[in-house]
Every structure is written in structure tokens, then in C-alpha cells.
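Worksheet for the structure shown next.
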Amino acid sequence: MELTKVTTTSGILEPGLWQLDPSRERYRVPACGVIVVELYPDDVLVVQDPEGGQHAEVVPFSPEGKGDPGILGINKSQPADGLRQILSGDSESAGRVRSGLERKGIDLASAKAAVLFAPDSLAREELRFQVTSRTTCAVAAPGTMMTVEGETLPPTDLQVFIHRASPPEERETDLPDPLAEPRLDFRIDRCTAQAYEVKAGEFIQVIDVMGRECSDFQVFDHRKLDQGIERCLDVTTTRTLIGAGYPGPGLFSKYYDVDMQPLVEVIRDTVGRHDTFGLACTAKSYEDRGYFGHINCSDNFNSALAQYEIEPRKGWAAANFF
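Heads up, the sequence shown is in the UniProt record's numbering, so the first residue is 1 and it goes up one at a time.
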């Protein structure tokens with residue numbers, strides 16, 4: 001008879017928490033899509049084909065904007081036709097990438113690519129590149145979309161990992177390009193709240209800079225505030241009107257107040273899942289755990305909204321985006 005060996009761990013297991021070390025970044029390259037990343041000396045770029053059989057193009061550019069495969073130690077290269085084909089499309093995302101490369105002074109005509117993987121490559125096959133100098137690098141997953149009468153193997157996503165030689169500090173983190181030229185551009189420091197005014201027809205772009213940061217969002221109708229009436233985003237009314245847990249781009253995309261009037265509309269959502277049920281954190285929620293005087297979102301809301309003479313609340317309902 002053999003006894004079953006029980007293995008234990010010396011630490012507390014916390015399922016669902018990010019397991020990558022701070023120096024490692026992960027990106028998804030969508031099928032028939034492209035990503036652009038900044039690489040620095042001694043970084044390591046890893047391109048992985050999760051499902052197998054998907055071509056990849058790795059296209060590095062020198063600081064002067066010229067195609068330079070040697071930066072990644074690439075000896076064999078060819079014209080980056082797959083990248084150029086993707087960026088020649090008329091989609092919004094292709095236009096944004098083209099504009100971003102133009103702002104960096106990138107010359108696409110000089111782009112040369114290392115073509116990775118083959119139609120018979122295995123799942124999770126990967127290649128590594130050592131970076132010798134700073135470069136703007138594009139990674140593309142070229143292909144043609146599957147059709148009924150033609151292509152039977154659809155293109156698939158790629159994964160890109162970057163091992164940073166020097167992990168960036170929070171303030172140095174590269175952020176997505178703004179959707180348009182911003183009128184207001186600011187960072188909300190951790191454990192704080194900030195109030196600002198937005199006109200009808202303007203856009204609000206909220207970015208989670210470092211990831212895994214809660215973000216309580218609340219909106220007021222300024223015209224009603226001028227009349228002494230407080231009407232803000234009401235999550236219960238919103239859920240009732242849209243018949244879902246939270247709005248998203250498409251038909252049911254608006255947040256409403258208690259008068260069932262729309263306040264803001266979601267037009268882009270790269271998160272896809274949000275919390276509209278619980279209150280923003282409160283002093284009581286921390287006191288019940290023994291943390292008296294702890295900073296909390298509801299008190300931060302009260303402080304930020306005091307300039308508009310909005311009645312303070314012990315607990316604020318809000319949309320938690322992240």
C-alpha cells in the first residue's frame with residue numbers, strides 16, 4: 001500500500017491575481033491585425049503562435065524611422081508586405097496605427113520583416129529576439145479571412161511577450177494614443193478623485209494605466225445642477241432600462257439618471273466587464289474590517305464634488321469600470 005504524498009505551499013494562494021513578474025509584459029496580436037511596441041536595449045521580445053500554423057511578421061524600425069531588422073539580430077528579412085496590406089485597409093484601427101506611425105516618423109516603404117512560423121508550425125511555438133538598441137517594432141498576424149468558397153483555415157491570434165531589462169516606472173508607462181486631440185489630459189493619482197466638466201458631444205477616454213485599478217465613475221447633468229436639482233448616473237435605472245448588468249457599445253450603450261434621461265454613451269470598451277451593483281467603497285466598509293480613517297472612494301467623491309455644492313453621501317453608487 002502506498003501513501004499519497006500531499007504537497008503544500010509555503011505561501012497563500014491567491015487565485016486570479018496576475019502571475020507575470022513586473023518586468024514581463026503580454027500583448028495580443030489579433031488575427032489580420034498588428035500591434036506596435038517600443039523596445040529598449042537588452043529587452044527580450046518573444047513572439048508566440050498559440051494555435052499553430054499562423055504566419056507572423058516582426059518589423060523593427062530604427063530611431064530614424066527606417067526599417068532595420070539588424071536591431072533584433074535578424075539576418076534574413078523580406079519586404080513587410082503583410083504589414084503593409086493590413087495597414088492599407090480602411091478600418092478605423094488601421095487608420096489609427098498608420099497615423100501613430102506617421103507621428104513617429106516611420107517610413108513604411110522601407111519596412112523589412114522577419115517572417116516567422118509556417119503553415120505546419122506547432123501550437124505554442126515561439127521565437128525570441130534580443131534587442132540591441134531602441135526600436136519601434138511592429139508585429140503583424142497577416143492572413144485572409146475565411147470564406148465559404150475559398151480559404152478554409154482562418155488566421156488566428158498571436159501572443160507577444162516582452163521581458164524588460166529595466167521595468168518602467170508608473171509615470172513612464174506608454175499609454176494608448178488619444179482618440180482625438182484632447183482638451184483635457186490629466187492623471188488621477190491613486191486614492192483620489194477628480195471632478196471635471198465635459199460638454200455635450202465631447203468624448204471621455206478613461207485608461208487604466210498600470211492595470212487592476214478600481215475606477216468609480218459618476219456623472220451629473222450640469223443643467224439640472226444649475227437649477228439646484230441633483231441628477232446623477234443611477235446604476236439601478238440603467239440596468240432596468242437596458243436589461244443587462246452594464247452598458248456596452250451598440251444598441252444598449254447608455255447610462256441613465258433616475259429620470260430615465262441618458263447621461264453618457266459607451267462607444268468603445270476594451271475591458272468588457274464592469275461592476276454596477278455595489279457602492280463605491282465607504283468609510284464604513286473599512287471600519288467594519290478594523291481600518292478606521294481609511295481613505296475611501298465615497299469620501300473622495302464628496303471632497304471632489306464640494307465645489308459644485310452637491311450633497312455629500314456616506315456611500316456613492318457608481319459604475320466601476322476596472
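Where a beta carbon is used, it is the ideal one built from N, C-alpha and C, also for glycine.
- In the structure shown, Phe301 adopts helical secondary structure according to DSSP, grouped into three states.
- Cβ-Cβ separation between Leu263 and Asp221: approximately 6 Å, consistent with a contact (criterion under 8 Å).
- Around Pro22, the same chain offers Pro167 as residues with beta carbons nearer than 6 Å, after the five sequence neighbours per side are excluded.
- Ile204 is the residue among Ile204, Gly243, Arg190, Ala193 whose C-alpha sits nearest the C-alpha of Arg183.
- In terms of CA proximity to Ile242, Tyr256 leads the group Tyr256, Arg231, Leu233.
- By the neighbour-count definition (other C-beta atoms within 10 Å, threshold 16), Ala111 is a buried residue.
- Here Val266 carries a coil assignment [DSSP, helix/strand/coil].
- The three-state reading of DSSP puts His222 in helix, counting H, G and I together.
- For Leu158, the uninterrupted beta strand (DSSP E) run begins and ends at 158-163, by DSSP.
- For Asp226 and Met145, the gap between their C-alpha atoms comes out near 53 Å.
- The three-state reading of DSSP puts Arg239 in helix, counting H, G and I together.
- In the DSSP annotation of this structure, the continuous segment of the alpha helix (DSSP H) that includes Leu87 starts and ends at 81-87.
- Counted as a single uninterrupted DSSP element, the beta strand (DSSP E) harbouring Tyr255 occupies residues 254-256.
- In this structure, the CA atom of Cys214 is about 11 Å from the CA atom of Asn296.
- Here the alpha carbon of Thr270 sits roughly 13 Å from the alpha carbon of Val209.
- Judged by pairs of C-beta atoms under 8 Å, the stretch 284-295 does not touch the stretch 246-261, as fewer than three such pairs exist.
- By the neighbour-count criterion, in which a residue is buried when 16 or more other Cβ atoms sit within 10 angstroms of its Cβ, Ser77 is buried.
- Looking at the DSSP output, Cys137 sits in a beta bridge with Val37, Pro60.
- In this model, Thr238 and Leu153 are separated by some 42 Å (Cα to Cα).
- Counting along the chain, no beta strand (DSSP E) covers Tyr308, and no H or E run does either.
- Checking the DSSP bridge columns, you'll see Leu127 partnered with Val47.
- Cβ-Cβ distances below 6 Å link Tyr40 to Arg134 in the same chain, with the five nearest sequence neighbours on each side left out; the list follows chain order.
- The beta carbons of Ala123 and Gly52 sit closer together than 9 Å.
- Between the alpha carbons of Phe277 and Ala195 lies a gap of roughly 22 Å.
- The shortest CA-to-CA distance from Phe322 to any of Tyr246, Phe129, Lys224 is the one to Tyr246.
- Residue pairing from DSSP leaves Phe203 without any beta-bridge partner.
- Assigned with DSSP and collapsed to three states, Ala113 falls in strand.
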